[in-house]
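Peer 1:
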Amino acid sequence: MRVVVIGAGVIGLSTALCIHERYHSVLQSLDVKVYAERFTPLTNTDVAAGLWQPYLSKPSNPQEARWNQQTFNYLLSHIGSPNAADMGLAPVSGYNLFREAVPDPYWKDVVLGFRKLTPRELDMFPDYSYGWFNTSLILEGRKYLQWLTERLTERGVKFLLRKVESFEEVARGDADVIINCTGVWAGALQPDPLLQPGRGQIIKVDAPWMKHFIITHDPERGIYKSPYIIPGIQAVTLGGIFQLGNWSETNNIQDHNTIWEGCCRLEPTLKDAKIVSECTGFRPVRPQVRLEREQLHVGSSNTEVIHNYGHGGYGLTIHWGCALEVAKIFGKILEERNLLRMPTSHL
Amino acid sequence: MRKTRLLLDGTCWKLDRFTPYLPRLQISWRNPRFVARQRVCKPGREARAAKHGPASRGSAELQLHGRDEVNRSFLQDTPIHKQKQWFKETFDHLFAIANSAEAEDAGVLLVSGWQIFRSIPTEEVPFWADVVLGFRKMTEDELKKFPQHVFGQAFTTLKCEGPAYLPWLEKRLKGSGGLILTRRIEDLWELHQSFDIVVNCSGLGSRQLAGDLKIFPVRGQVLKVQAPWVKHFIRDGSGLTYIYPGISNVTLGGTRQKGDWNLSPDAEISKGILSRCCALEPSLHGACDIREKVGLRPSRPGVRLEKELLAQGSRRLPVVHHYGHGSGGIAMHWGTALEAARLVSECAQALRTPVPKSKL
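Going down the list, the sequences are from chains A and B.
So the first sequence is numbered by the numbering used here: it starts at 109 and just counts up by one.
So the second sequence is numbered by the numbering used here: it starts at 305 and just counts up by one.
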């Protein structure tokens with residue numbers, strides 16, 4: 109069984125790992141390769157701050173809520189392992205701030221210690237009058253991709269720097285099953301009018317006294333268009349940019365000013381923080397994640413494609429739940445082809 | 305009128321706070337004999353002190369509650385309402401700094417975390433619960449992270465780091481016209497010629513300087529490590545094991561060794577601290593650049609915060625004692641400093657009032 113995963117961001121690498129972990133021992137042979145044009149540190153995952161937090165409103169696909177929760181619980185189970193920091197994983201607490209009272213989010217019982225902010229806490233943020241406090245997790249994109257790469261390499265998964273022009277070319281050459289994790293660039297392989305870039309720009313600063321995340325919300329402007337401060341393992345990410353349809357990969361000076369002014373206003377202690385780096389990325393925005401199977405007829409054979417893209421600004425938040433779902437679909441494909449060494453249990 | 309000259313003995317006074325009490329106070333700092341004294345670690349051991357620096361550099365710097373479960377004798381002579389007042393005043397003072405642009409320079413930061421207990425404590429809600437932010441009991445899910453512990457408190461508090469805070473205070477002091485000089489004082493009367501009021505903040509040095517045998521060291525050894533992924537404090541309710549993330553390192557502690565004056569780190573103790581902390585936070589196995597530090601908590605049944613008029617023949621020397629905070633120095637320093645400032649103003653007031661000669 110030859111599997112090619114296209115895309116080496118968090119979705120591609122975690123899906124590859126999930127499949128290999130589950131099926132390596134039940135298949136006669138499982139050959140997994142990752143093809144990508146960009147590897148860490150050049151993927152969108154590398155730009156992400158890495159805070160586990162879904163959007164505030166319930167997803168249109170209720171499965172996404174379940175995948176978010178599965179991801180949180182999976183990551184939480186690694187807290188308490190000596191290697192958590194190697195994964196880029198650490199617990200982090202912080203504030204979500206609003207200008208008026210809002211209903212609790214659907215994920216309030218997934219995170220730890222969720223509560224409303226007290227008046228004294230709100231005094232710290234004069235522009236806001238309501239908010240939440242909870243403990244969540246940081247999963248730093250860059251560190252996590254490095255960790256995933258190591259785990260995959262140990263398992264003999266190969267990585268190839270390759271610009272894939274079509275599914276057919278991959279099907280003809282190498283693959284029985286293709287996992288399409290091309291993120292925001294999925295449209296190049298198969299047009300998808302529902303997929304759009306949600307351009308983001310972030311500034312990374314050296315501010316080691318910041319131990320909490322602070323995320324502000326402006327329902328009129330929309331998600332990620334309001335300042336946010338998210339401490340990572342080494343640096344602190346400042347953000348607040350979300351531009352639908354903008355493909356510009358260069359850092360923009362106005363966006364820089366928007367981020368800087370917004371975050372310094374929110375947190376005056378940042379005034380003298382040293383800027384470490386600044387980068388731009390594209391959230392693969394879609395009304396819902398495309399996670400489904402598609403059969404390609406290439407010549408005389410059938411190649412299965414499992415799509416797994418369109419995770420917007422919550423890729424790290426939802427990645428493992430999606431990987432598990434892809435693994436389930438993969439398992440079904442194996443069953444259909446009578447490839448499983450051991451009979452599957454009576455599911 | 306005679307200038308009231310002030311000796312700053314180890315305490316950094318905020319002089320702008322001082323002047324409302326003494327509108328005619330002038331600080332004479334052009335007089336070359338005008339000296340102030342930095343901390344005395346222990347008389348006769350100045351060389352040691354110079355090597356290890358002031359005790360506040362070694363000790364844990366977390367602003368936390370003023371009383372700990374195990375050591376019930378902590379400040380037993382200081383009434384709880386006083387401790388709470390000082391704690392609140394200090395918290396409010398540091399909170400303002402933490403939210404200002406001075407935070408990094410002053411070494412003050414907000415930090416959240418958990419205090420966890422192996423058995424349900426007698427006092428589930430401590431007296432300082434409404435001073436810190438967001439105090440609540442930990443949920444079952446939160447406690448899962450600590451399988452050896454059955455109860456916990458979650459809250460947000462402040463950390464105030466000595467190595468940054470002290471220089472920051474010194475800078476403000478100098479900016480207000482104060483002078484800081486390093487000098488060894490063997491006897492408070494040495495200062496009588498040059499100064500009108502002495503404020504004694506010599507901690508353990510008061511055994512010699514003030515003949516106070518009630519003050520004794522409680523040795524604390526800690527490790528400072530690099531583990532920047534640790535964003536929460538974790539403290540075992542016994543007070544013996546704690547993990548306090550700071551600006552540039554994480555403090556792992558600790559010990560409470562009564563009557564132990566030894567300033568040299570003990571390797572066995574370091575191993576023990578690392579092992580206990582890794583049990584609470586396994587990711588600390590990846591911590592690196594481990595440095596050992598030792599400090600001696602200036603422990604006393606109560607904080608000594610009072611005036612004393614020293615007399616020798618016809619000589620008089622007003623002294624304000626301000627020492628003996630034990631493990632609660634950072635936690636209560638500003639509150640007690642405010643009170644000490646009031647006492648100093650009372651002394652200055654008394655100096656201006658002529659003493660009737662007929663009495664004696």
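Backbone N, C-alpha and C fix where the C-beta goes; we use that ideal spot for every residue, glycine too.
Skipping 5 residues on each side, what residues in its chain have a beta carbon closer than 8 Å to that of lysine 441 of chain B?
Peer 2: Taking the second sequence and counting its residues from 1, the one referred to as residue 441 of chain B is at position 137. Closer than 8 Å at Cβ, skipping near neighbours: Glu428, Phe455, Gly456, Gln457 and Ala458.
Peer 1: How do the segment 305 to 321 of chain A and the segment 427 to 445 of chain A stand: do at least 3 beta-carbon pairs fall below 8 Å, yes or no?
Peer 2: no
Peer 1: Going along the chain, which residues of the segment 438 to 455 of chain B sit with their C-beta nearer than 8 Å to a C-beta in chain A?
Peer 2: Gly438, Arg440, Met442, Thr443, Asp445, Glu446 and Lys449
Peer 1: When DSSP builds the beta bridges, which residues end up paired with tyrosine 417 of chain A?
Peer 2: Locating residue 417 of chain A in the first sequence gives position 309, where the first residue counts as 1. In the DSSP output, where bridge partners are listed per residue, tyrosine 417 of chain A has A:Arg398.
Peer 1: How long is the line joining the alpha carbons of glutamine 298 of chain A and asparagine 410 of chain A, rounded to whole angstroms?
Peer 2: If you number the first sequence from 1, residue 298 of chain A lands on position 190. If you number the first sequence from 1, residue 410 of chain A lands on position 302. If you take the alpha carbons of glutamine 298 of chain A and asparagine 410 of chain A, they lie about 17 Å apart.
Peer 1: Work out the CA separation of cysteine 387 of chain A and alanine 116 of chain A for me, nearest whole Å.
Peer 2: Translated into positions along the first sequence, residue 116 of chain A becomes position 8. Translated into positions along the first sequence, residue 387 of chain A becomes position 279. Spanning the two alpha carbons is a distance of roughly 19 Å.
Peer 1: Note down, in chain order, every chain B residue with its Cβ under 9 Å from the Cβ of phenylalanine 275 of chain A.
Peer 2: Translated into positions along the first sequence, residue 275 of chain A becomes position 167. Simply none; closest approach about 40 Å.
Peer 1: Quick test of the definition: if touching needs 3 or more C-beta pairs under 8 Å, does the segment 117 to 133 of chain A touch the segment 163 to 178 of chain A?
Peer 2: With a cut-off of 8 Å, the segment 163 to 178 of chain A and the segment 117 to 133 of chain A do not count as touching, because too few Cβ pairs lie within range.
Peer 1: For arginine 146 of chain A and leucine 247 of chain A, I'd like the C-alpha separation in whole angstroms.
Peer 2: Reading the first sequence from its first residue, position 38 is the one you call residue 146 of chain A. Reading the first sequence from its first residue, position 139 is the one you call residue 247 of chain A. So the alpha carbons of these two residues sit roughly 20 Å apart.
Peer 1: In chain A, which residues lie with their C-beta within 7 Å of the C-beta of histidine 536 of chain B?
Peer 2: Here residue 536 of chain B corresponds to residue number 232 of the second sequence, with the count starting at 1. Within 7 Å Cβ-Cβ: Pro199 and Ser201.
Peer 1: From the DSSP output, which residues share a beta bridge with lysine 312 of chain A?
Peer 2: Taking the first residue of the first sequence as position 1, residue 312 of chain A is located at position 204. The partner list for lysine 312 of chain A (beta bridge, DSSP) reads A:Thr345 and A:Ser385.
Peer 1: For my contact list, proline 602 of chain B and leucine 508 of chain B are in at a C-beta cut-off of 8 Å; report their separation, rounded to the angstrom.
Peer 2: By one-based count along the second sequence, residue 602 of chain B stands at place 298. By one-based count along the second sequence, residue 508 of chain B stands at place 204. Between leucine 508 of chain B and proline 602 of chain B the Cβ distance is about 5 Å, and since that is below 8 Å, they are a contact.
Peer 1: Can you tell me the Cα-Cα spacing of threonine 486 of chain B and threonine 555 of chain B, whole angstroms?
Peer 2: Mapped onto the second sequence, residue 486 of chain B falls at position 182. Mapped onto the second sequence, residue 555 of chain B falls at position 251. In a straight line, the C-alpha of threonine 486 of chain B is about 28 Å away from that of threonine 555 of chain B.
Peer 1: Looking at leucine 462 of chain B: is its Cβ nearer than 9 Å to the Cβ of phenylalanine 395 of chain B?
Peer 2: Here the question's residue 462 of chain B lines up with position 158 in the second sequence. Here the question's residue 395 of chain B lines up with position 91 in the second sequence. Yes, Cβ-Cβ distance for leucine 462 of chain B and phenylalanine 395 of chain B is below 9 Å.
Peer 1: Are three or more beta carbon pairs between the segment 572 to 591 of chain B and the segment 621 to 641 of chain B nearer than 8 Å?
Peer 2: no
Peer 1: For threonine 377 of chain A, which residues in chain B fall below 9 Å Cβ to Cβ?
Peer 2: Start at 1 with the first residue of the first sequence, and residue 377 of chain A comes out as number 269. Here the neighbours are Ala402, Asn403, Ser404, Ala405, Glu406, Ala407, Glu408 and Leu413.
Peer 1: Between the Cα of serine 552 of chain B and the Cα atoms of B:Val529, B:Gly541, B:Asn504 and B:Arg560, which residue gives the shortest distance?
Peer 2: For this step, residue 552 of chain B is matched to residue 248 along the second sequence. Comparing Cα-Cα distances from serine 552 of chain B to each of B:Val529, B:Gly541, B:Asn504 and B:Arg560, the minimum goes to B:Val529.
Peer 1: What's the gap between the Cα of alanine 296 of chain A and the Cα of lysine 266 of chain A?
Peer 2: What you label residue 296 of chain A is simply residue 188 of the first sequence in a count that begins at 1. What you label residue 266 of chain A is simply residue 158 of the first sequence in a count that begins at 1. Alanine 296 of chain A and lysine 266 of chain A: Cα-Cα distance of roughly 23 Å.
Peer 1: Look up lysine 141 of chain A in the DSSP assignment and give the residues it is bridged to.
Peer 2: Position 33 of the first sequence, counted from the first residue, corresponds to residue 141 of chain A. In the DSSP output, where bridge partners are listed per residue, lysine 141 of chain A has A:Val112 and A:Lys266.
Peer 1: For tryptophan 240 of chain A, report the span of its beta strand (DSSP E) as first-last.
Peer 2: By 1-based counting over the first sequence, the position of residue 240 of chain A is 132. Residues 238 to 247.
Peer 1: Show which residues of chain B have a CB atom less than 9 Å away from the CB atom of leucine 374 of chain A.
Peer 2: Within the first sequence, the letter at position 266 stands for residue 374 of chain A. Going along chain B, no residue has its Cβ under 9 Å from leucine 374 of chain A, so there is no contact; the nearest lies around 11 Å.
Peer 1: Can you have a look at cysteine 592 of chain B and say buried or exposed, based on whether 16 or more other CB atoms are within 10 angstroms of its CB?
Peer 2: Position 288 of the second sequence, counted from the start, is the residue given in the question as residue 592 of chain B. Label assigned to cysteine 592 of chain B: exposed.
Peer 1: Under three-state DSSP, which class holds valine 435 of chain B?
Peer 2: Counted from its first residue, the second sequence places residue 435 of chain B at position 131. Under the three-state reduction of DSSP, valine 435 of chain B is assigned to coil, being neither helix nor strand.
Peer 1: Helix, strand or coil: which one does DSSP assign to aspartate 326 of chain A?
Peer 2: Locating residue 326 of chain A in the first sequence gives position 218, counting from the first residue. DSSP, reduced to helix, strand and coil, places aspartate 326 of chain A outside both helices and strands of the structure shown, so it counts as coil.
Peer 1: Pull out every residue of the segment 219 to 230 of chain A whose Cβ sits closer than 8 Å to any Cβ of chain B, in chain order.
Peer 2: Leu220, Gly221, Arg223, Leu225, Thr226, Arg228 and Glu229
Peer 1: So with CB distances below 8 Å, who are the chain B contacts of lysine 319 of chain A?
Peer 2: Walking along the first sequence from the start, residue 319 of chain A turns up at place 211. Chain B residues near lysine 319 of chain A: Leu413, Leu414, Val415, Ser416, Lys535, His536 and Pro549.
Peer 1: Please list the terminal residues of the continuous beta strand (DSSP E) segment that includes proline 199 of chain A.
Peer 2: The sequence position of residue 199 of chain A within the first sequence is 91, counting from 1. First-last of the beta strand (DSSP E) with proline 199 of chain A: 197 to 206.
Peer 1: Going straight from the alpha carbon of threonine 232 of chain A to that of asparagine 403 of chain B, what length do you get?
Peer 2: Here residue 232 of chain A refers to the residue found at position 124 of the first sequence. Here residue 403 of chain B refers to the residue found at position 99 of the second sequence. Looking at the sequence shown, residue 232 of chain A is not threonine but methionine. Spanning the two alpha carbons is a distance of roughly 7 Å.
Peer 1: Compare the C-beta of alanine 531 of chain B against all C-beta atoms of chain A and say whether one is closer than 9 Å.
Peer 2: On the second sequence, position 227 is the one that residue 531 of chain B refers to. It does; some Cβ of chain A falls within 9 Å.
Peer 1: Alpha carbon to alpha carbon, how far is lysine 449 of chain B from phenylalanine 222 of chain A?
Peer 2: For the purposes of this step, residue 449 of chain B is taken as residue 145 along the second sequence, with counting starting at 1. For the purposes of this step, residue 222 of chain A is taken as residue 114 along the first sequence, with counting starting at 1. Cα to Cα, the separation comes out at about 16 Å.
Peer 1: Taking the alpha helix (DSSP H) that glutamate 610 of chain B falls in, what are its first and last residues?
Peer 2: Here residue 610 of chain B is taken as the residue at index 306 of the second sequence, counted from 1. Looking at the DSSP string, glutamate 610 of chain B is not in any alpha helix (DSSP H); the run it does join, the beta strand (DSSP E), is 608 to 616.
Peer 1: Using a Cβ-based criterion (distance less than 8 Å to any ligand heavy atom), does valine 313 of chain A qualify as near the ligand GDP?
Peer 2: Summarising the ligand content, the structure contains no ligands, and the ligand GDP is consequently not present.
Peer 1: So if I threshold CB-CB distances at 7 Å, which residues from the segment 150 to 173 of chain A count as touching chain B?
Peer 2: none
Peer 1: Between arginine 608 of chain B and glycine 438 of chain B, what straight-line distance do the alpha-carbon atoms span, to the nearest angstrom?
Peer 2: As a first step, residue 608 of chain B must be located in the second sequence, where it is residue number 304. As a first step, residue 438 of chain B must be located in the second sequence, where it is residue number 134. The alpha-carbon atoms of arginine 608 of chain B and glycine 438 of chain B are separated by roughly 32 Å.
Peer 1: Quick check on the burial criterion: 16 or more other C-beta atoms within 10 angstroms. Buried or exposed for serine 274 of chain B?
Peer 2: Missing from the structure shown is residue 274 of chain B; chain B here goes from 305 to 664 and no further.
Peer 1: Grouping DSSP H, G and I as helix and E and B as strand, with all else coil, what is isoleucine 551 of chain B?
Peer 2: In the second sequence, residue 551 of chain B corresponds to position 247, counting from 1. Reduced to three states, the DSSP call for isoleucine 551 of chain B is coil.
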